[in-house]
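Peer 1:
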Amino acid sequence: MGYRPGRRLRRARVPVFAGICLHDTVAPPRTAQRQVRRAPDAEVVTYATGHFAIYRDPWFEPAVADQVDFLRRRVLDPG
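In structure tokens, the structure reads:
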């Protein structure tokens, strides 16, 4: 069966944040983008880096800032 994280996105009842690395060889970006389109309410941010490079400078802080911004706007203050 394997790990298929996008399988249940259609049923997501919360906002979904997808940070997609455009040079990812572990989780291919085209597949990730296709999967996240299934979610009824998704926000996608892309990064021009690879799967593990996102955890190091210069990518780490901007990626975390995007996640925190999403959580503030969509979870803490959904308006």
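Letter by letter, the sequence shown follows residues 980 to 1058 in this note's numbering. Where a beta carbon is used, it is the ideal one built from N, C-alpha and C, also for glycine. As the structure is a computational prediction, the values presented were derived from the model and not from experiment.
On the DSSP bridge list, what partners appear for Val-1015?
Peer 2: Locating residue 1015 in the sequence shown gives position 36, counting from the first residue. DSSP links Val-1015 through a beta bridge to no other residue.
Peer 1: Note down the Cα distance separating Leu-988 from Ala-1011, rounded to an integer number of angstroms.
Peer 2: Start at 1 with the first residue of the sequence shown, and residue 988 comes out as number 9. Start at 1 with the first residue of the sequence shown, and residue 1011 comes out as number 32. Going from the Cα of Leu-988 to the Cα of Ala-1011 covers about 11 Å.
Peer 1: If you drop the 5 nearest sequence neighbours on each side, which residues of the same chain put their C-beta closer than 8 Å to that of Trp-1038?
Peer 2: Here residue 1038 corresponds to residue number 59 of the sequence shown, with the count starting at 1. Tyr-1026, Thr-1028 and Ala-1032.
Peer 1: List, from N- to C-terminal side, the alpha helix (DSSP H) runs of 4 residues or more that fit wholly inside the segment 987-1053.
Peer 2: 1008-1015 and 1039-1050
Peer 1: Whole angstroms is fine: what's the gap from Pro-1008's alpha carbon to His-1002's?
Peer 2: To locate residue 1008, count along the sequence shown from 1; it is residue 29. To locate residue 1002, count along the sequence shown from 1; it is residue 23. The straight-line gap from Cα to Cα measures roughly 7 Å.
Peer 1: Any idea if Ala-1018 is buried or exposed, counting beta-carbon neighbours within 10 angstroms, 16 or more meaning buried?
Peer 2: As a position in the sequence shown, residue 1018 is number 39, starting the count at 1. By the 10 Å Cβ count, Ala-1018 comes out buried.
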